[in-house]
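Numbering (UniProt numbering), first residue to last: 1 to 266.
We put the CB at the ideal spot given by N, CA and C, even for glycine.
Inspection log for the structure reproduced underneath, given as structure tokens.
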Amino acid sequence: MVFFSCDKCAEMLKKSKVDSHAYRCGCDSVSCVDCSVSFWGDDYKLHTSCVTEAERYEKTVYKGPKKNDTKGRKMTPQESWMETIAEAMENCPPALSSYLQTLSSYDNVPRKEKAFRNFSANSLNLRGKHGDDTISSIWKHLSSLREAKMKQQEEAKKAEQKATEEKKVEEKAEEKVEEPKKSNESKSSSKEGKKSTKKVVKAMKKALKKAPSKQMKIKELRKIIEKKLDDELKNMSKDDIKKTMKLAIEQETSIALDDKIVKIVQ
1 MVFFSCDKCA
11 EMLKKSKVDS
21 HAYRCGCDSV
31 SCVDCSVSFW
41 GDDYKLHTSC
51 VTEAERYEKT
61 VYKGPKKNDT
71 KGRKMTPQES
81 WMETIAEAME
91 NCPPALSSYL
101 QTLSSYDNVP
111 RKEKAFRNFS
121 ANSLNLRGKH
131 GDDTISSIWK
141 HLSSLREAKM
151 KQQEEAKKAE
161 QKATEEKKVE
171 EKAEEKVEEP
181 KKSNESKSSS
191 KEGKKSTKKV
201 VKAMKKALKK
211 APSKQMKIKE
221 LRKIIEKKLD
231 DELKNMSKDD
241 IKKTMKLAIE
251 QETSIALDDK
261 IVKIVQ
């Protein structure tokens, strides 16, 4: 239940008592006890829901009334019903306006027809056949609004689900297009790697044949290879060059690595 504080005398008020108090006190506005937002004139009647207990104790900033916000707390069925009653005043038949205004000042208006009729008969002082007919008109007006809202929410939910499904289909289609592209890139990269390995093997053989005893330290050989194949290896890091040389030695049977010495096998 929402409670208000009079901005003139600070008296604590139930929602249903605000109008009568304003008449006696002459205040222009009241503030919600929970969120401290001030409401001028009859604006307080639209304040059907407020901050949660968690928000109150965590001292989070209140950003106005929440209307079934999917990112925040969803409205309870009772809060949604009270919002419907508040909205019903905007386009109701003139004969029902004052009754709906009175109902909107309560927080506990029943949502079921039988309980609603009993509540309205007592709260609005509607008796006899005329009273029953008036209550029927109010219930019919509220029910039609509630059904329209539920239909609108259902359509919005379906549209959201459809959009989500379409997005998933698009993402899968993009993945299928991306997979061959990645595969082609991988094949291209593999071809380039084999090409580099062959060039390294050729350069290593040439350097070793010129070396004394046809062998040299792997560090010295790497420097010669880097200098010889500067253009081919310029985009490779030292670690990549080391790996390429190691792979070349493993694949080439005529070259062997003994400790840190690379030599040509006779």
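Among the options, the one whose alpha carbon lies nearest that of residue i
i      : options                           : result
Asp43  : Ser104, Ile241, Gln78 and Leu126  : Ser104
Cys35  : Phe3, Ala22, Lys8 and His21       : Phe3
Ser254 : Phe119, Cys9, Val201 and Leu13    : Val201
Lys238 : Gln251, Lys219, Ala256 and Glu252 : Lys219
Thr259 : Ile225, Lys228 and Met216         : Reading off the sequence, residue 259 comes out as Asp, not Thr. It is Met216 whose Cα lies nearest to the Cα of Asp259.
Lys199 : Asp240, Lys158 and Met245         : Met245
Val18  : Gln101, Glu90 and Cys92           : Gln101
Thr76  : Asn91, Glu90, Asp107 and Pro93    : Asp107
Ser137 : Met12, Glu171 and Cys92           : Cys92
Glu90  : Asn125, Lys45, Asp28 and Lys243   : Lys45
Where the beta strand (DSSP E) containing residue i begins and where it ends
i      : result
Val30  : Ser29 to Cys32
Met216 : Gln215 to Lys217
Asp258 : Ile255 to Asp258
Cys6   : Phe3 to Cys6
Ser123 : Counting along the chain, Ser123 falls outside any beta strand (DSSP E), though it belongs to the alpha helix (DSSP H) covering Glu113 to Ser123.
Exposed unless 16 or more other CB atoms sit within 10 angstroms - verdict on residue i
i      : result
Tyr99  : buried
His47  : buried
Glu53  : At Glu53 the pLDDT is 45, less than 50, meaning the model places this residue with poor confidence; the figure from the coordinates comes in the next sentence. Label assigned to Glu53: exposed.
His130 : exposed
Ser80  : buried
Met150 : exposed
Ala248 : buried
Ala115 : exposed
Ser196 : buried
Ser144 : exposed
Glu83  : buried
Tyr57  : Since pLDDT at Tyr57 reaches only 48, below the 50 mark, its modelled position is unreliable, and the value read off the structure follows with that caveat. It is exposed - the Cβ of Tyr57 has fewer than 16 other Cβ atoms within 10 Å.
Ser97  : exposed
Ser20  : exposed
Lys176 : exposed
Val30  : buried
Val169 : exposed
Ala10  : exposed
Asn122 : exposed
Leu13  : buried
Gln251 : exposed
Tyr223 : Note on identity: in this sequence residue 223 is Lys, with Tyr being the wrong assignment. Result: exposed.
Ala22  : buried
Lys15  : buried
Cβ-Cβ separation, residue j to residue i (assumed contact under 8 Å), whole Å
i      : j      : result
Cys6   : Cys25  : 6 Å
Leu208 : Lys214 : 5 Å
His141 : Ala95  : 10 Å between Cβ atoms; not a contact.
Ala211 : Leu229 : That belief does not hold up - the Cβ atoms of Ala211 and Leu229 are roughly 17 Å apart, past 8 Å.
Ser78  : Arg111 : It should be pointed out that residue 78 corresponds to Gln in this sequence rather than to Ser. Right, their Cβ atoms sit about 7 Å apart.
Ile241 : Lys205 : In fact, because the Cβ distance is near 17 Å, the residues do not count as touching under 8 Å.
Ile135 : Val109 : Between Val109 and Ile135 the Cβ distance is about 12 Å, and since that is not below 8 Å, they are no contact.
Trp139 : Glu113 : 6 Å
Sheet register partners of residue i (DSSP bridge)
i      : result
Val262 : Met216 and Leu257
Leu13  : Phe4
Trp40  : Ser29
Boundaries of the alpha helix (DSSP H) in which residue i is found, first to last residue
i           : result
Leu96       : Pro94 to Leu103
residue 272 : Any property of residue 272 remains undetermined from this structure, which presents the chain solely from 1 to 266.
Ala248      : Lys238 to Gln251
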